[in-house]
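Throughout the sequence shown, residue numbering follows our numbering, covering 21 to 335 in sequence. Virtual Cβ for every residue (Gly too), placed ideally from N, Cα, C. Model, not experiment: these values are computed from the prediction.
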Amino acid sequence: MNRSMGVGIANGIAAGALWGVVFLAPAVLSHFSAVQLSAGRYLVYGLIAVVLLAPRWRELRQRIGMAEWRGLLWLSLAGNLVYFVLLAKAVQWAGGAAASLIVGLIPVVVTVAGVREQGAVPLRQLAPALLLCLVGVALVGYEAMQSEHAQGTANQRLFGLLCAIGALFSWAVYSIGNSRWLARRPDLSGHDWSLLTGVTTGALALLLVPSAFFVRGPAHAPVDWLWFWVISAGVAVVASVVGNACWNRASRNLPLTLTGQMIVFETLFALLYGFAWQQRWPTEMESLAIVCLISGVLLCAHAHRPPRAVAEHAG
Numbered sequence: 021m022n023r024s025m026g027v028g029i030a031n032g033i034a035a036g037a038l039w040g041v042v043f044l045a046p047a048v049l050s051h052f053s054a055v056q057l058s059a060g061r062y063l064v065y066g067l068i069a070v071v072l073l074a075p076r077w078r079e080l081r082q083r084i085g086m087a088e089w090r091g092l093l094w095l096s097l098a099g100n101l102v103y104f105v106l107l108a109k110a111v112q113w114a115g116g117a118a119a120s121l122i123v124g125l126i127p128v129v130v131t132v133a134g135v136r137e138q139g140a141v142p143l144r145q146l147a148p149a150l151l152l153c154l155v156g157v158a159l160v161g162y163e164a165m166q167s168e169h170a171q172g173t174a175n176q177r178l179f180g181l182l183c184a185i186g187a188l189f190s191w192a193v194y195s196i197g198n199s200r201w202l203a204r205r206p207d208l209s210g211h212d213w214s215l216l217t218g219v220t221t222g223a224l225a226l227l228l229v230p231s232a233f234f235v236r237g238p239a240h241a242p243v244d245w246l247w248f249w250v251i252s253a254g255v256a257v258v259a260s261v262v263g264n265a266c267w268n269r270a271s272r273n274l275p276l277t278l279t280g281q282m283i284v285f286e287t288l289f290a291l292l293y294g295f296a297w298q299q300r301w302p303t304e305m306e307s308l309a310i311v312c313l314i315s316g317v318l319l320c321a322h323a324h325r326p327p328r329a330v331a332e333h334a335g
């Protein structure tokens with residue numbers, strides 16, 4: 021494994037650990053709507069991005085054309101606003117375990133989509149890794165569905181599952197598009213691209229303000245609103261700013277098929293944080309699933325090693 025791939029994998033794991041907290045927010049703030057959660061998080065994210073970009077705005081503005089802004093617009097919609105609205109609704113109505121199960125299939129979708137990219141590893145070489153990931157996700161989902169009580173009505177739970185499927189494809193589209201944009205503009209750092217995405221997302225989040233905060237809905241106590249903004253700010257910093265920066269660096273250092281595998285760590289950490297929130301240890305089946313997920317990622321990383329490196333290791 022070369023240094024570039026090692027840096028990419030480390031950043032992919034870090035991004036997964038930071039993004040895992042996103043699954044906790046809708047559970048902790050279950051009395052707030054998915055639109056409110058998305059608007060709150062990305063308004064704060066946008067504000068932070070504006071502050072961090074301000075000292076270099078003149079220089080960056082000259083390097084960003086209309087094509088880049090259009091790309092940032094649809095990436096912000098697919099990977100941030102639409103994804104988080106769907107994910108929050110999935111967590112609240114279908115449960116965190118079911119949501120993480122379905123979103124955990126993102127590596128499969130991204131990997132299959134990337135097999136025709138130049139230099140991609142053939143799908144047959146990735147099959148063992150993908151199979152382990154699928155087995156791991158299936159084990160987690162089976163155990164979670166067996167132990168978790170259904171939330172809301174049957175129709176609400178079904179709608180929550182459909183939202184999770186929508187979040188899966190929304191994030192897969194973002195992941196593929198983001199990797200291609202980073203490859204197209206190597207002169208822009210992953211951190212700068214992440215902050216530009218934050219500015220765009222924050223501007224789009226302003227459009228959610230009327231429906232999120234001014235349409236009559238359930239009343240919330242002042243202390244609830246305080247926690248809402250504290251958690252929104254925390255998620256914005258941890259997941260949107262730092263997490264996205266780590267992900268962009270991973271995307272720049274890894275091929276698309278391996279980038280897709282890194283998303284497994286978001287599911288892994290989301291489950292671990294969920295266990296901590298529920299104050300329990302993983303069951304035997306859940307532990308086996310975690311082993312499968314990690315093994316799948318390591319197998320995929322091994323499949324991407326240059327032939328010479330593999331030969332030297334074997335000798």
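Do residue j and residue i have their beta-carbon atoms positioned less than 8 Å apart in this structure?
i, j, result
"N31", "C266", "yes"
"N401", "S315", "Residue 401 is absent from the structure shown; the chain starts at 21 and stops at 335."
"L228", "A59", "yes"
"S96", "T220", "yes"
"P46", "L57", "yes"
"V105", "A54", "yes"
"R76", "S260", "no"
"A110", "G180", "yes"
"L208", "G28", "no"
"Q281", "P127", "yes"
"L146", "A323", "yes"
"R200", "A114", "no"
Have a look at the options and flag the residue whose alpha-carbon is nearest the alpha-carbon of residue i.
i, options, result
"L182", "R81, W201, G210 and Y103", "Y103"
"S120", "V55, E88, L151 and L44", "L44"
"V157", "F234, V130 and A309", "A309"
"S190", "V123, F234, G222 and W201", "V123"
"P238", "V135, H51 and Q112", "H51"
"I68", "T303, C153, G254 and V128", "G254"
"A117", "F289, V129 and V311", "F289"
"W39", "S271, G263, F295 and W301", "G263"
"A192", "V130, R205 and P206", "V130"
"W94", "R78, W297 and T217", "T217"
"L125", "V160, L319, W113 and F233", "V160"
"A270", "G294, R300, W245 and L202", "L202"
"V42", "V311, L291 and R23", "L291"
"G186", "A98, A232, V250 and V135", "A98"
Can you look up residue i in the DSSP assignment and give me helix, strand or coil?
i, result
"G197", "helix"
"G40", "helix"
"D207", "coil"
"I84", "coil"
"F234", "helix"
"H169", "Confidence is the limiting factor: at H169 the pLDDT is only 48, short of 50, which leaves the residue's position unreliable, though a coordinate-based value still follows. Coil at H169, not helix or strand."
"H240", "coil"
"Q299", "coil"
"S315", "helix"
"F285", "helix"
"S252", "helix"
"G99", "helix"
"N22", "coil"
"S307", "helix"
Rounded to whole angstroms, how far is the Cβ of residue i from the Cβ of residue j, which I believe are closer than 8 Å?
i, j, result
"R144", "G210", "Contact doesn't hold; Cβ gap of about 31 Å is too wide."
"M305", "E163", "4 Å"
"S195", "T279", "7 Å"
"C153", "V70", "With a Cβ gap of about 38 Å, C153 and V70 do not count as contacting."
"F248", "L107", "About 17 Å separates the two Cβ atoms, so there is no contact after all."
"G91", "A223", "Wrong, their Cβ atoms sit about 15 Å apart, outside the cutoff."
"L319", "D212", "Contact doesn't hold; Cβ gap of about 33 Å is too wide."
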